[in-house]
Structures are given as C-alpha cells and as structure tokens.
Amino acid sequence: MVLFLYVLVVPFSFAASSATSQVALISQIRIANCSDMNADKYKHHEKQLASLAHRIRHKYKVSIGELTFLASFLVNFVVGKLIHFTSQKEEVYNYYNDKNNVFNQLFVKRGWFWTTVVMAAFYGSVFYGKHPQLGTNRFPVAKNAIISYTIATAWWILFTQWCFGVPIMDKIFLWTGGRCVSVAEDRLAHHSEFFNKVEDLYESTVVGSKVCRQLRGNWEGGHDPSGHVFLLIHSSLYMFFETVPFWRNWTHVRTTLGKLKQDLSVSDNRTITVGRFFLHNPWIPVGMLILLWWFMLLMTNVYFHSILEKLVGLLFGYAISLVYLLPRRRATTGGN
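Heads up: the sequence shown is residues -19 to -1, 1 to 317, going by mature numbering (1 follows the signal peptide of the UniProt record, and there is no 0).
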C-alpha cells in the first residue's frame, strides 16, 4: 500500500516541482526582460538629459549646475512667499523676524566682510596647496581673481554704499517718492540744509538711508529695494562662479569627508585636524557661507519687504553673473 502511494504521489510531486520551476524560470525571464527594458529607458532618459545639457551649454554658455544655482534664488523667493502666506502668524513672526537676531547682526550686516575673508582664504589655500586646477602659470588665475573681486566690490559699493552721492538703492527710493521723516531738530547737526520743517519735526527727500538712521529718522514712502536680497544673491553668485573652476566632483567630496571622519577618529588634536582639512579643501568654508546666505535669504523672503522690492533686489543681485557669462558669449562669437 505504501509502495503504491509512493509510486502514485512521487511522479505528481516531480511534475508539480517541475511546473513550479518552470513558473519560477518564466518569472525570472520576465523580471530580467523588465530590468533590461528599465535599463534601456534609463539610458534613453540619460541620453536625453545629456543632450539637453549640451544644447543649453552650447546655446546659452551655461552648464546645468550653473543654471540650477541661478534658478535656486527664484525658488527661494517663491518658497519664502508661500511660507509667509500659508503659515499662521505665530509661526511666521518669530526669532528671525527680529532684525537684531545674531545671524543678521553678526553675518548679514557684515556680509561683504565675510565674503572677502572666505574668498581670501580660498585663494590662499588654492595657491598654497597647489590645486590641480591651478596649472603651472599662476599669474592669470591671480589676475582674474583680483579683477573679479574688484568688480564685485565696486558693484556692492555702488548699490549699497555710495554712488556719486547716495547709493543706487537709496536713489531708487528717493526717486519714487521716498523721504526721511520724523527727525528732531536737535539731531540735525550739519545736515540742516537738507531738511524742511514739517510741524515740529523735519524731513528730507535727498538724504540717504544711512544718514536717516544716524539721525534716528524714519524711512517712509517710495520703493525701497531690498539691500539684503541684493547682498545675499550678489555674494553667493560671486563666490559660486569664482570657485566652480576648482570644483572636482561629488566622488571627491565623499572621499574627502570619509577621510576626515577617519582622521578625527585617530587624531590627538582635532582642532589641528579640522584646520588642515579646511586648508586642503577651501571649497568647504565657501559652501558653508553660501548655505548660510541661502537660509538668510529665505528668512528675508518670508519676513521683510514687499514682493516688488525683493524682486528689484534680486535683479540687481543677478547682475554680477554677467561678469562671468558675457565673456563666454563674446569668446564664442569671436571664435566664429
């Protein structure tokens, strides 16, 4: 009886096993085919993206990375306004809405100073460390760095500090009906000839924002372009375009950070280890400052100025990119 059952069942077992194996094999074949199809699709999409990047670079003389960075400030603007309009007031108005917050007072108010320090350290490290992208002839790199910094600093001065009188942003404010008001007579000092008496106080339509603040007056009326937006975008773009030629790749970034982690685990003096890390990787401080500027720009977009005032600051901030992009087009035109 047992033998009979064995004879009867075993063939069915082998048949079932064989069928199962066939189903499994068919499934594997289908999965392999799907994988091949997906791989083909990925390759096709990759080729399309590469082709698009090539066309953009050829036509507009800007890489995808550069275009993404340029567009990030517009994204920042949109995100900031969405946060402002969709959040509850107690969430919107907080520490960062206070102009006396430490980030604003210590960093943004001294924005060009920090930009100068970071870029001086960057080029010092590049020349000291003999960066691979530097080449054998250092003079052209040093010359271009000095010229770019001079142009960037001059544009910052003209827009925010002085432009044959008040800076450009104050000129726009005054030309659109702005004025300095509510200045007490005892504070006029040597500026009395620029003010007119209105009731018991004084106002002026010619002094700039710096003088108005010194006299403890109020900046009223007119279109007030955002100096914060201008500075943060202007500084970020300057640092970005200056350091991009020395950028290697993300693999190098991962390797570098991995080596730092390993060095810190066996180091007796972590301060020296970190110092050497920054010395040999000058793009790290630059990237950190750009990230801080992007965050503070978001805070400005959430809390301060009207939409139009921020857009004007944004447009003037973008102007520095022309220093880097226009020569590419002229070089190509000249070559043709």
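Where a beta carbon is used, it is the ideal one built from N, C-alpha and C, also for glycine.
What's the gap between the Cα of residue i and the Cα of residue j?
i           : j      : result
residue 327 : Ile271 : The shown model of the chain, from -19 to 317, leaves out residue 327, and the question about it has no answer.
Val225      : Thr97  : 17 angstroms
Gly208      : Leu296 : 11 angstroms
Phe84       : Phe285 : 15 angstroms
Asp167      : Ile138 : 30 angstroms
Arg310      : Asn82  : 43 angstroms
Tyr183      : Trp200 : 13 angstroms
Ile265      : Gly202 : 42 angstroms
residue 320 : Phe94  : Outside the shown range of the chain, which is -19 to 317, sits residue 320, and nothing can be said about it.
Val147      : Gly189 : 5 angstroms
Leu241      : Thr252 : 12 angstroms
Trp143      : Val107 : 33 angstroms
Tyr130      : Thr232 : 30 angstroms
Leu260      : Leu245 : 15 angstroms
Ser185      : His171 : 13 angstroms
Met150      : Leu306 : 24 angstroms
Lys42       : Gly239 : 34 angstroms
Lys62       : Asn282 : 6 angstroms
Phe227      : Ser173 : 53 angstroms
Val304      : Phe145 : 22 angstroms
Which residue marks the beginning of the alpha helix (DSSP H) containing residue i, and which one marks its end?
i      : result
Ser190 : 190 to 195
Val293 : 288 to 299
Val210 : 208 to 224
Trp274 : 264 to 284
Trp137 : 120 to 141
Asp167 : First-last for Asp167: undefined, no H or E at that position.
Asp151 : 149 to 156
Use the C-beta contact count for residue i: other C-beta atoms within 10 angstroms, 16 or more gives buried, fewer gives exposed.
i      : result
Val4   : Note that Val4 scores 47 on pLDDT, short of 50, meaning its location in the model is unreliable; the coordinates nonetheless yield the value given after this. Exposed, because fewer than 16 other Cβ atoms sit within 10 Å of the Cβ of Val4.
Ser217 : buried
Ala133 : buried
Ile127 : exposed
Asn57  : buried
Glu180 : exposed
Thr67  : exposed
Leu196 : buried
Pro121 : exposed
Ser44  : exposed
Leu212 : buried
Phe222 : buried
Arg160 : buried
Leu278 : buried
Gly158 : exposed
Could you spell out where the beta strand (DSSP E) holding residue i opens and where it closes?
i      : result
Ser44  : Element bounds for Ser44: n/a, residue is neither H nor E.
Leu182 : 182 to 185
Trp228 : Counting along the chain, Trp228 falls outside any beta strand (DSSP E), and DSSP gives it neither H nor E.
Asn199 : 199 to 201
Asn177 : 177 to 179
Report back the beta-carbon spacing between residue i and residue j to the nearest angstrom; my notes put them in contact at under 8 angstroms.
i      : j      : result
Met220 : Val89  : Actually they are not in contact, since the Cβ atoms of Met220 and Val89 sit about 15 angstroms apart, beyond 8 angstroms.
Phe176 : Val164 : 6 angstroms
Val210 : Lys80  : 14 angstroms between Cβ atoms; not a contact.
Pro263 : Phe103 : 4 angstroms
Using a Cβ-Cβ distance cut-off of 8 angstroms, determine whether residue i contacts chain D.
i     : result
Tyr76 : Absent from the structure is chain D; it holds one protein chain and no more.
- Query: Taking the runs of the alpha helix (DSSP H) that are 4 residues or longer, which of them lie wholly in the stretch 67 to 102?
  - Reply: 70 to 73, 83 to 87
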